[in-house]
Amino acid sequence: MKNYYLLSFLMLITITFTSCKEKKTKEVLEKETVMYVVNEKTTSINWTAYKTSEKLPVKGEFRVVEFSKSNPATNLKEALNNLEFSIPVSSLFSDNEERDEKLKKSFFGSMMETSAIKGKILMETETSGKVALTLNGVTHELPITYFLDGQMATMEATMDLDNWQAQAAIAALNVVCKELHTGPDGVTKTWSEVKINVATYISVQ
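Counting from 25, one number per residue, gives the positions in the sequence shown under the numbering used here.
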C-alpha cells in the first residue's frame with residue numbers, strides 16, 4: 025500500500041513538472057515569434073527620368089504612398105510579398121515647382137486614370153521579384169531587385185514607359201519642356217526610361 029501511495033505521488037510530481045515545462049516552452053516560443061510589417065511613414069520612393077540626347081538625369085520623388093494590404097509576417101520577405109500600394113500623383117516633388125506642374129498636368133494629365141499609380145509587389149527569390157504596376161490604365165509586370173540591410177529593404181527597377189502606352193504623355197511633356205529638353209545637338213528628347221528606387225524600413229509589430 026505504501027508503494028502504491030509513493031508511486032502515485034511520484035506520478036503526480038512528474039505530470040505537474042511536465043505540464044509546467046510545456047507551458048514555459050510555449051510561453052518562450054510565443055515571446056520569440058517576431059512579426060514584421062511595412063509602414064507607409066518609413067517608405068521613400070525616388071525616381072530618375074532623363075532628357076536631351078545626352079541623357080541628363082532629372083530626379084524627384086513621390087512623398088506619399090498608401091498601402092491597402094500590409095499584413096504582418098514572420099520574415100522580412102513575406103512582409104513585402106503581396107503588398108498592394110497606391111501612389112497619389114499629387115505627391116510628386118522634384119524641387120522645382122514649375123517642373124512639377126508640367127509633370128502633373130502635361131505628363132500625367134495626358135494619361136487615363138491620372139490620380140494614382142497602383143501596384144502589387146510579388147517577391148520571387150531572395151533578391152528579386154516583380155510589381156504588377158498599373159499606370160495609364162495599363163497593368164504591366166515590372167521586374168525588381170531588392171536588398172536587405174537589417175530591417176531596411178531597398179528595391180530598384182527600370183521602367184520603360186512604352187510598356188504602359190505612355191508615348192502620348194511623353195510627347196506632351198516634350199512639347200511643354202522643349203527648351204529645357206533640347207541639347208547642344210538641337211534635338212528635343214524626353215526618354216521613356218525611368219529608374220525607380222524604393223527604400224522602406226520594415227518595422228517590428
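Backbone N, C-alpha and C define an ideal beta-carbon position, used for all residues, glycine too.
Keep in mind it's a predicted model, so treat the numbers as computed, not measured.
Alpha carbon to alpha carbon, how far is residue 210 from residue 64? Give it in angstroms, no decimals.
-> Here residue 64 refers to the residue found at position 40 of the sequence shown. Here residue 210 refers to the residue found at position 186 of the sequence shown. Rounded to the nearest angstrom, the gap between the Cα atoms of residue 64 and residue 210 is 43 Å.
For residue 162 and residue 189, believed in contact at Cβ under 8 Å, the rounded distance | For the purposes of this step, residue 189 is taken as the residue at position 165 of the sequence shown. For the purposes of this step, residue 162 is taken as the residue at position 138 of the sequence shown. Going by Cβ atoms, the distance from residue 189 to residue 162 rounds to 5 Å, so yes, they are a contact pair.
Residue 216 in three-state terms, based on DSSP = Here the question's residue 216 lines up with position 192 in the sequence shown. Under the three-state reduction of DSSP, residue 216 is assigned to coil, being neither helix nor strand.
Segment contact, 8 Å Cβ cut-off, at least three pairs: the region 128-139 with the region 95-103 = Touching, no.
Look up residue 100 in the DSSP assignment and say whether it is helix, strand or coil.
-> As a working mapping, residue 100 is identified with position 76 in the sequence shown. Shown here, residue 100 sits in a helix according to DSSP, grouped into three states.
Who does residue 165 pair with in a DSSP beta bridge?
-> Position 141 of the sequence shown holds residue 165. Bridge partners of residue 165: 156.
Residue 214 burial status per 10 Å Cβ neighbour count (16 or more: buried) | Within the sequence shown, the letter at position 190 stands for residue 214. Its Cβ being crowded by 16 or more others within 10 Å, residue 214 is buried.
Indicate whether the contact test is met: 3 or more Cβ pairs, each with one atom in the region 113-128 and one in the region 145-161, closer than 8 Å.
-> The region 113-128 makes no contact with the region 145-161, as fewer than three CB pairs between them are under 8 Å.
Residue 230 and residue 91: beta carbons closer than 8 Å?
-> Past the edges of the chain, shown from 25 to 229, lies residue 230, and the structure says nothing about it.
Burial state of residue 140, where buried means 16 or more other Cβ atoms lie within 10 Å | As a working mapping, residue 140 is identified with position 116 in the sequence shown. With 16 or more Cβ atoms within 10 Å of its Cβ, residue 140 is classed as buried.
Which residue or residues does DSSP assign as beta-bridge partners of residue 62?
-> As a working mapping, residue 62 is identified with position 38 in the sequence shown. DSSP, once it has assigned bridges, lists 226 as partnering residue 62.
Quick one, are the C-beta atoms of residue 111 and residue 86 less than 8 Å apart?
-> Residue 111 sits at position 87 when you count from the first residue of the sequence shown. Residue 86 sits at position 62 when you count from the first residue of the sequence shown. Yes, Cβ-Cβ distance for residue 111 and residue 86 is below 8 Å.
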